[in-house]
């Protein structure tokens, strides 16, 4: 289908570049924002894991 081809092309343009073959290390810290910062950090962590 056209939608399937479009999705495949979007993925190819986003994730098949020169530097996209390697792994990445992401560090997420809550910092000094209290409970809200901790909640935001947890949400970010859940998005990436």
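Numbering (the numbering used here), first residue to last: -18 to 30. Glycine included, every Cβ here is placed at the ideal spot set by N, Cα and C. The structure presented is a predicted model; accordingly, all values stated were derived computationally and were not measured.
request  = Assuming residue 5 and residue 12 form a contact by the criterion Cβ under 8 Å, report the distance between their Cβ atoms to the nearest whole angstrom.
outcome  = That belief does not hold up - the Cβ atoms of residue 5 and residue 12 are roughly 21 Å apart, past 8 Å.
ask   = If you follow the alpha helix (DSSP H) that residue 18 is part of, which residue opens it and which one closes it?
value = Taken as a continuous stretch (DSSP letters only), the alpha helix (DSSP H) holding residue 18 covers 15 to 29.
Rounded straight-line distance, which links the Cα of residue 30 to that of residue 22 = Those two C-alpha atoms are separated by around 12 Å.
query = Looking only at C-alpha atoms, which of -17, -15 and 26 sits nearest to residue 7?
reply = Minimum Cα distance to residue 7 is reached at 26.
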